[in-house]
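Asker: Just so you know, the sequence shown maps onto residues 22 to 181 in this note's numbering.
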Amino acid sequence: MATPATGDAIAHVHNDCGSRERLWLPRDHSSTATTARHPFCIECGTVKNLTMPHAKPLGYYLDGLANLKESLEHSAGHEKLVQVHSHLIAQRLRTRREFEDPYGTPGNVQLATYVSTVLAIRPDLDEELILRMLPDRRRRRRPASSQKSNEQFAAAHPRN
Ligand SMILES: [Zn+2]
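1) For VAL34 and ASP122, what's the separation of their Cα atoms in angstroms?
2) Assign THR138 to one of three DSSP states: helix, strand, or coil.
3) Please name the residue in ILE63, THR55 and ALA54 whose C-alpha comes closest to that of ARG43.
4) May I ask which residues mark the beginning and end of the beta strand (DSSP E) holding LEU44?
5) How is the alpha helix (DSSP H) around ASN36 delimited, first residue to last?
6) Check the C-beta distance from ALA76 over to GLN131 and give it rounded, since I have them as a contact under 8 angstroms.
7) So, does the region 53-62 touch the region 90-109, judging by three or more C-beta pairs under 8 angstroms?
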């Protein structure tokens, strides 16, 4: 597990290597059956993470936090997410390297970090609710014609 980053912020925008220099690596760290050509950053050597779901910028998780706050305003079963709590959660997320550098981070690692950060402040909430409030997980509709978005939907809902 990555340790919280303090002061070692990424100082550059990652710069992909040329397509011929890409590295053959397992597509997913849990399975070595399929490989894919991975770009890496020619400045720092970080390999781009290609696993699904893709990592998102911090703003995605902050949107999810705002959705969660809004949903708890109208929830009979849970206490509201008070301002001081949402501030504290956002502040903690900002110190995590997982969100600072989506380039080399698997989306699953971000999701786990996000959930544990929210639960550290609000242990009464459940993981399912926290994840459901993330932006693209609220949508129930999906374009029927797009194979790619079907794959994304499947990756976002591994239990189905
Ligand atoms: Zn880099």
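The beta-carbon is built from N, C-alpha and C at its ideal position, and this holds for glycine as well.
Note that the structure is predicted; figures quoted are calculated from it, not measured.
Answerer: According to the structure shown:
1) In a straight line, the C-alpha of VAL34 is about 10 angstroms away from that of ASP122.
2) Of the three classes helix, strand and coil, the one that applies to THR138 here is helix, per DSSP.
3) Nearest C-alpha to ARG43: ILE63.
4) Segment 44-49, the beta strand (DSSP E) holding LEU44.
5) Looking at the DSSP string, ASN36 is not in any alpha helix (DSSP H), and its letter there is neither H nor E.
6) Contact annotation, ALA76 with GLN131: C-beta distance approximately 5 angstroms; criterion of less than 8 angstroms satisfied.
7) Counting Cβ pairs under 8 angstroms, fewer than three are found: no touch.
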